[in-house]
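Numbering of the sequence shown is given in the working numbering, commencing with residue 1 and proceeding in unit increments.
Taking it in order: structure first as structure tokens, then the write-up.
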Amino acid sequence: MPYITQEERPQYDEVLEQMIKLLKEKSPESVDGHLNYVVTRIIKEVYPLRYYHINKAMGVLECI
Numbered sequence: 001m002p003y004i005t006q007e008e009r010p011q012y013d014e015v016l017e018q019m020i021k022l023l024k025e026k027s028p029e030s031v032d033g034h035l036n037y038v039v040t041r042i043i044k045e046v047y048p049l050r051y052y053h054i055n056k057a058m059g060v061l062e063c064i
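Below is the structure:
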């Protein structure tokens, strides 16, 4: 799986920190649903709806 360089990571850090803060405010019983929504929404917006791309997205999820 390709990784991004250390120099590229800061562009995501601020928005990720905001998202992580919101997720940490959820109860342990509900955080899974919220995390599922966030990840699903990102994948659906980033990858085109084609078998090839869905397979790539599944590969990403298996590696994290």
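Glycine included, each C-beta is placed from N, C-alpha and C at the ideal position.
Relative to the Cα of V39, the nearest Cα in the group Y52, M58, E14, E8 belongs to M58.
With respect to H34, K26 sits close: the two C-beta atoms are nearer than 8 Å. In the three-state scheme derived from DSSP, where H, G and I count as helix and E and B as strand, E8 is classed as coil. Annotation: V15 to R41 spans about 15 Å, alpha carbon to alpha carbon.
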